[in-house]
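K.L.:
Numbering (the UniProt record's numbering), first residue to last: 1 to 58.
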């Protein structure tokens with residue numbers, strides 16, 4: 001359970017761009033994965049906001 005919590009904590013701090021520095025990727029492949037995760041997070045948020053706005057405007 002602690003491993004899962006650490007994964008959520010790292011993903012949340014990456015997505016919110018807080019970047020506390022206590023967890024960070026090492027190696028080029030890991031950095032690339034984190035960059036993709038961050039981009040997908042922002043794209044997902046944009047899609048959610050757009051969909052929600054369309055529902056409200058109908």
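No residue lacks a Cβ here, since even glycine has one placed at the ideal position from N, Cα and C.
What you are looking at is a predicted structure, and each value in this text was computed from that prediction instead of being measured.
Output the distance between the C-alpha atoms of residue 31 and residue 25, rounded to the nearest integer angstrom.
P.N.:
5 Å
K.L.:
Looking at residue 14: is its Cβ nearer than 7 Å to the Cβ of residue 38?
P.N.:
yes
K.L.:
Kindly list the residues whose CB is nearer than 7 Å to the CB of residue 20, restricted to its own chain and excluding five residues on each side of it in sequence; keep chain order.
P.N.:
13
K.L.:
Check residue 41 in the structure and name its three-state DSSP category.
P.N.:
helix
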